[in-house]
Amino acid sequence: MRTRPNWIAGAAALLWLAVVLLPVFLMLRASFESQGTYLANGPIALPTEFSLDNFARSFEIGFGRYLLNAGIIALGTVAIVLILVPPLAFAIVRSRSRTVRAVFRVLLIGLAVPAQVVVIPLYFLIDSLGLFDTLLGVILPTAAFVVPLTTLVLTGSMREISGETYEAMALDGAGSVRTFLNLVLPLSRGGIATIVVYTALNAWNGFLLPLILTRSPEVMVATVGLSQFRQQFSVDIPGLLSAVVLTIIPIFVVYLFARRALVAGLTGVGGK
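If you're matching positions, the sequence shown starts at 1 in the numbering used here and goes up one per residue.
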């Protein structure tokens, strides 16, 4: 049977694509224009100038250092999550201990606690540990806030591994460590990619914790460093948008490398 094209759905999809891409186009167009050209033509106009001066000025004011700090925080947070979450999720899936189940329930409470609620006691805790105004002082709480959700996601991915597969490994004489390394981790690639991308995105785009827990320019991150484009009576819009483009590129590259596994994890087939 021949299917009829759904013109209404196609038109709606094109309209939604235009709504999504128009702000991206306007951002890219403004980032390659000077402040004078941008003010003369307005925010909605066709590109008339192509210049890399905005990007050069971003690095001149130290935005490269801010990007590096954000990258260190993202990598450190991802490393902590990869060390803690996979073994924790494996223990939750395979253990029958009441203690493990109780720990999992307590861990899920973290999903209901936003960072804004505990930011003041967190500030005093980080300061008392001597980690205020350090990258480590931002990495640790950032990882703590993403562990509950990433554990929940990876637990769901590991539950999709059939019990027969575990039994086959046990008959082969494999212990828990070997089963975890040779069976669970390879079959959980989709879930692991999902939590890596989510963690990196959360750490890279973090604003509240770096704003509260850092002070000096040496440890400032990109999201906080965007305020450097604020002038006395105005905002350098092209310079600001060029810096925004610089902050988007790294996480976009991460997504390009992990998109297949990420989609598999989000659609629930990461464990198959």
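Backbone N, C-alpha and C define an ideal beta-carbon position, used for all residues, glycine too.
Query	Result
According to DSSP, simplified to helix, strand and coil, what is Arg230?	strand
Can you check DSSP and say which residues form a bridge with Val277?	Given a span of 1 to 272 for the chain in the structure shown, any question on residue 277 remains unanswerable.
Would you be able to state if there are at least three C-beta pairs under 8 Å between the segment 174-182 and the segment 141-148?	no
Could you tell me which whole alpha helix (DSSP H) segments of length 4 or greater appear in the segment 78-108?	98-108
Counting C-beta neighbours from all protein chains within 10 Å, is the total for Asn6 16 or more, i.e. buried, or is it exposed?	exposed
If I measure Cβ to Cβ from Leu122 and keep anything under 7 Å in the same chain, skipping five residues before and after, which residues do I get?	Pro141
Name the residue from Leu88, Ile8 and Leu201 whose alpha carbon lies nearest to the alpha carbon of Ala102.	Leu88
Can you name the start and end residues of the alpha helix (DSSP H) that Arg178 belongs to?	Ser176 to Thr179
Do Asp133 and Ser216 count as a contact pair if the criterion is CB distance below 7 Å?	yes
From Gln232 to Val138, what does the alpha carbon distance come to, in whole angstroms?	Bear in mind that the predicted position of Gln232 carries a pLDDT of just 48, short of 50, making it too unreliable to give a figure here.
Roughly how many angstroms lie between the CA atoms of Leu256 and Ile83, to the nearest whole one?	23 Å
Leu131 to Thr214, Cα distance in whole Å?	9 Å
Hey, Trp204 and Ala79 are a contact pair by Cβ (cut 8 Å); roughly how many whole angstroms apart?	The Cβ separation is near 14 Å, so there is no contact.
For Thr151, which residues from the same chain have a beta carbon less than 7 Å from its beta carbon, with the 5 sequence-adjacent residues on both sides left out?	Val85, Leu88, Ala89 and Leu107
Roughly how many whole angstroms lie between the Cα atoms of Val24 and Thr155?	35 Å
Where does Ser242 fall in DSSP's three states?	helix
DSSP on Pro47, reduced to helix/strand/coil?	coil
Which term fits Ile8, buried or exposed, when burial requires 16 or more other beta carbons within 10 angstroms of its beta carbon?	exposed
So, under 8 Å CB-CB, Tyr66 and Val221 are touching, yes? Tell me the CB distance rounded to an integer number of Å.	6 Å
Judging by CA-CA distance, which residue of Ser95, Ala12, Val118 and Arg189 is the nearest neighbour of Ser176?	Ser95
Give me, in chain order, the residues of the same chain whose beta-carbon lies closer than 6 Å to that of Leu211; leave out the 5 immediate sequence neighbours on both sides.	Val224
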